[in-house]
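Down below is the structure, laid out as structure tokens.
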Amino acid sequence: MKDTGTVNVLYPDKMTRPTSTHKIFINDLLVDMLIGVYAHEKTAPQPVRFTIEMTVDDIVQPLSDDYKNVVCYETISNAITEMAQKEHVNLVETLAEKAAAICLDHDRVQLVQIKVEKLNAV
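Numbered per my numbering, the sequence shown spans residues 124 to 245.
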């Protein structure tokens, strides 16, 4: 059995953005981390899987093939991995909220849907 937390987050200040959007997906991002409320979970890293869908503004028109003009999934993946491995987290829901905040830190990300799975949960 897996422990799963899903979060859909839309911050109010992002509701006035342009309506032309596209999606960016990060599927099956695996991170070994300390997560859980039990004593044995506080010392033994366990695998957690993130599935992320970001709705992104198409501000740059026409969309160019320039790296500076995109939401970089590698940068976001690295930031989520670093956050997850930085300190122990009790709940997958807390982890999902923190990951959503990382995604929404990018100005062009309007909406984020995140699924977090603690793969070794009983």
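For glycine and all other residues, C-beta sits at the position ideal for the given N, C-alpha and C.
Here the structure is a predicted model, which means the values were calculated and not measured.
(message) According to DSSP, is T198 part of a helix, a strand, or is it coil?
(response) helix
(message) Using 8 angstroms for Cβ pairs, my map puts V239 next to F173. What's the rounded Cβ distance?
(response) 6 angstroms
(request) Let me know if C195 comes out buried or exposed under the rule of 16 or more other beta-carbons within 10 Å of its beta-carbon. (result) exposed
(message) I need the straight-line Cα distance from S187 to E205, nearest angstrom please.
(response) 29 angstroms
(request) Round the Cβ separation of A219 and I237 to the nearest angstrom and send it over; I've been treating them as touching at under 8 angstroms. (result) 5 angstroms
(request) Could you pull the start and end residues of the alpha helix (DSSP H) that T217 belongs to? (result) 215 to 227
(request) Mind reading off the beta-carbon distance from I175 to V235? Whole number of angstroms is fine, and I expect it under 8 angstroms. (result) 7 angstroms
(request) Reducing DSSP to helix, strand and coil, say where T204 ends up. (result) helix
(message) Can you list, in chain order, the residues of its chain with a C-beta nearer than 6 angstroms to that of M177? Leave out the 5 residues immediately preceding and following it.
(response) I147, C226, V232, V235
(request) Note down the Cα distance separating M156 from A244, rounded to an integer number of angstroms. (result) 13 angstroms
(message) Residues in the same chain with beta-carbon distance under 6 angstroms from S143, minus the five sequence neighbours each way, listed in chain order, please.
(response) D181
(message) Short of 7 angstroms in beta carbon distance, which residues of its chain neighbour N150, apart from the five on each side in sequence? Order them along the chain.
(response) T174
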